[in-house]
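Colleague: Residues in the sequence shown are numbered from 725 upward in steps of one, following UniProt numbering.
Using N, Cα and C, we set each Cβ at its ideal position, and we do this for glycine too.
Remember, it's a predicted structure, so these values are computed and weren't measured experimentally.
For reference, the structure I am asking about is given below.
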Amino acid sequence: IKDIRRNSFSYYEQVMSDRVIERMSLAEMLREAVDNGEFELYYQPKINLKDGMVVGAEALLRWHSRDGMVPPDRFIPIAEQTGLILPIGEWVLLQACEQAHIWRQEYPEFHMGVNLSPAQFDLDYLPRLVADILKEAQLPAEALELEITEGMIIEDIDNTVQILRSLRDLGVEISIDDFGTGYSSLSYLTRLPLDILKIDRSFMFEVPDSRDSTNVVLSILALARSLNLKVTAEGVETEDHVTLLHDHRCTYIQGYFCSRPLPVAEFEEFMRHRQCR
Ligand code: C2E
Ligand code: CA
Ligand code: CA
Ligand code: CA
């Protein structure tokens, strides 16, 4: 038994140190990635369910590292831990706003969703930064939607109200991303200045097979309506999803049913049709 313990312990140590090494080198690679221009934004269309028209996009970060494509779920947490998310996040915001400005020349209503990370949300100067970037990109504030998660808002609700107020005073829209996964009390919904709830894609995947997930989706739609909020459903992959969401007056949909996230040229090709349904 002793031997087994010792062996499994050293195995554990080995795995741990591999992880640490991997994380260190990823962190080092990340640091250089910013300067080397290894990042690219992909854009996933958002569709208005009423008429099936594209109304905008969510900007999603892609990292083409020298070792190949690294998915955001792998490098964003490291960017968070190392603080690199701040320069990266600023690059994302400016890049997405400049792209939105370009697309609005042809599609005046076009709006852009950008993900904010917790470290960005903690910045005192976030409203100032957003204002500066909007100005630099010549983008009207109402064309920008900032996506935050429940985890970012529950820590200090009074402070959050302050931040969101000053962001909304600029004219940007605020959405709660991954809504329903945060296990948090819903009471914050009535206190925070919000515009949109984004139903997490994990619920959509189980619709309509799981009765529970279907009910969660319907409840979120009802809740949003009673609070006068718009709803974006993510992970919309099937005709069944579209029908259910349409029947229950969901505002926007986003998902593989219409399109995967696309690089700029392909997104522009997609926009020429502008229709999805
Ligand atoms: P998210 O904000 O929830 O983004 C939606 C994710 O769902 C994207 O994954 C998108 O590609 C994926 N998706 C969209 N429609 C479908 C569908 O129909 N089926 C399936 N299976 N997946 C779908 P992605 O691009 O891998 O991004 C993962 C996460 O990384 C994002 O989740 C977000 O939390 C984070 N992220 C991405 N870009 C940024 C960024 O610029 N800044 C920050 N802070 N986080 C980012
Ligand atoms: Ca998002
Ligand atoms: Ca989401
Ligand atoms: Ca997410």
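#1: Ignore the nearest five residues each way along the sequence and tell me which others in Pro-842's own chain have a CB closer than 6 Å to its CB.
#2: Ligand 3 and Asp-901: does the residue's C-beta get closer than 6 Å to at least one heavy atom of that ligand?
#3: Do Ile-872 and Ile-912 come within 7 Å of each other at the CB atom, strictly closer than that value?
#4: To which residues of the same chain is Leu-784 closer than 8 Å at the C-beta, ignoring the five residues directly before and after it?
#5: Is Ser-789 near Met-836, with beta carbons less than 7 Å apart?
#6: In terms of residues, what are the limits of the beta strand (DSSP E) holding Asp-901?
#7: Taking its Cβ as the centre, do 16 or more other Cβ atoms sit within 10 Å of His-997, making it buried, or is it exposed?
#8: Could you check if Thr-975 is buried or exposed, using at least 16 other CB atoms within 10 Å of its CB as the buried criterion?
#9: Given a threshold of 16 other Cβ atoms within 10 Å of its Cβ, counted over all protein chains shown, does Lys-859 qualify as buried or as exposed?
#10: Out of curiosity, what's the CA-to-CA distance linking Pro-932 and Asp-924?
#11: Report yes if the C-beta distance between Ile-771 and Ile-920 is below 7 Å; otherwise report no.
#12: Could you give the first and the last residue of the continuous alpha helix (DSSP H) run that contains Ile-877?
#13: Distance check for Arg-786 and Pro-987, CA to CA, integer angstroms please.
#14: Looking at C-alpha atoms only, which residue of Met-928, Arg-755 and Arg-915 is the closest neighbour of Phe-903?
Modeller: This is what the structure holds:
#1: Same-chain partners within the cutoff: Met-876.
#2: Yes.
#3: The amino acid occupying residue 912 in the given sequence is Tyr; Ile does not appear at that position. Not closer than 7 Å, so no.
#4: Taking Leu-784 as the centre and dropping the five residues before and after it, the same chain places the C-beta of Leu-765, Tyr-766, Tyr-767, Gln-768, Pro-796, Asn-839 and Pro-985 closer than 8 Å to its C-beta, in chain order.
#5: No, the Cβ-Cβ distance between Ser-789 and Met-836 is not below 7 Å.
#6: Annotation: the continuous beta strand (DSSP E) that includes Asp-901 extends over 897-903.
#7: Burial check for His-997: the Cβ neighbour count within 10 Å stays below 16, so the residue is exposed.
#8: In summary, Thr-975 is buried, with 16 or more beta-carbon neighbours lying within 10 Å of its beta-carbon over all protein chains present.
#9: Residue burial is scored here from C-beta neighbours: Lys-859 has fewer than 16 other C-beta atoms within 10 angstroms and is therefore classed as exposed.
#10: Between the C-alpha atoms of Pro-932 and Asp-924 there is a straight-line separation of about 15 Å.
#11: Between Ile-771 and Ile-920, the C-beta spacing is not below 7 Å.
#12: Segment 874-877, the alpha helix (DSSP H) holding Ile-877.
#13: Here the alpha carbons of Arg-786 and Pro-987 stand approximately 10 Å from one another.
#14: Closest in alpha carbon position to Phe-903, among Met-928, Arg-755 and Arg-915, is Met-928.
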